[in-house]
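The numbering of the sequence shown is the numbering used here, which starts it at 180 and goes up by one.
For each residue, glycine too, the CB sits at the ideal point set by N, CA and C.
These numbers come from a predicted model, not from an experiment.
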Amino acid sequence: MPFTLRELLFGKPLNMRHKNDVQELCDELDACLRGIIELLEGEVGKGDALEQAMLEWRRLVEDYAPSFQSVAVKRAALLFSLHTLEDVRDHFRETDAELVADLESRVLQLTTPRWVSDMAQNPEDYVMSTCLLTDLWSDLQPGARETPPPIGPDVRVGCGAGARG
Numbered sequence: 180m181p182f183t184l185r186e187l188l189f190g191k192p193l194n195m196r197h198k199n200d201v202q203e204l205c206d207e208l209d210a211c212l213r214g215i216i217e218l219l220e221g222e223v224g225k226g227d228a229l230e231q232a233m234l235e236w237r238r239l240v241e242d243y244a245p246s247f248q249s250v251a252v253k254r255a256a257l258l259f260s261l262h263t264l265e266d267v268r269d270h271f272r273e274t275d276a277e278l279v280a281d282l283e284s285r286v287l288q289l290t291t292p293r294w295v296s297d298m299a300q301n302p303e304d305y306v307m308s309t310c311l312l313t314d315l316w317s318d319l320q321p322g323a324r325e326t327p328p329p330i331g332p333d334v335r336v337g338c339g340a341g342a343r344g
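Structure follows, in structure tokens:
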């Protein structure tokens, strides 16, 4: 059974994992990355930039043996492509519309700029921070602040023995 976008990016629940998951996950991520390589050819057009991009993306597929480190690298590449390529978002929107919308409108706006400014040196950090914002802080909106409840005339603010409400 194919992996969902959530499983590709963040993994299956622990109670549903089995021995061959890393190999299967790498195979599925490689298939996604191959599709992204094809998209790049249409997006970028012929030239040196395309040749360099193709070289780097092919390395992700061909040069990384299945391991936890390669999973992080491939997940980071998929996240970056979700952030930058509308066609990738459209592909996954068909099956994971809610997750794609959250990644597009909120999460990747927060995590991708930091990853890029760090020169993409820590793919695990990028994947984990994206996962945390997606799963644990799904109600957090960029730039939003909670307004504290108003203090009425019957409420005194203070601390210590003499403070009373």
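Inset, instruction - Find the nearest neighbour of Gln-288 within the set Ile-215, Ala-210, Ala-299 and Leu-261, judged by alpha-carbon distance. - result: Leu-261
Legend entry - Segment limits, alpha helix (DSSP H) that includes Gly-214: 200–223
Legend entry - Length-filtered (4 minimum) alpha helix (DSSP H) runs lying within the region 247–307: 247–263, 265–281 and 287–296
Legend entry - Check whether Thr-313 and Val-286 have beta carbons under 7 Å apart: yes
Legend entry - Of the listed residues Asp-269, Arg-293, Ser-296 and Thr-274, nearest to Glu-283 (C-alpha basis): Asp-269
Legend entry - CA-to-CA distance, Leu-258 to Asp-206, given in whole angstroms: 17 Å
Legend entry - Leu-208, buried or exposed, once every other Cβ within 10 Å from all chains shown has been counted against 16: buried
Inset, instruction - Say whether the region 291–298 touches the region 214–223, bearing in mind that this needs 3 or more beta-carbon pairs closer than 8 Å, one atom from each stretch. - result: no
Inset, instruction - Can you give me the start and stop residues for the alpha helix (DSSP H) that Leu-239 sits inside? - result: 227–241
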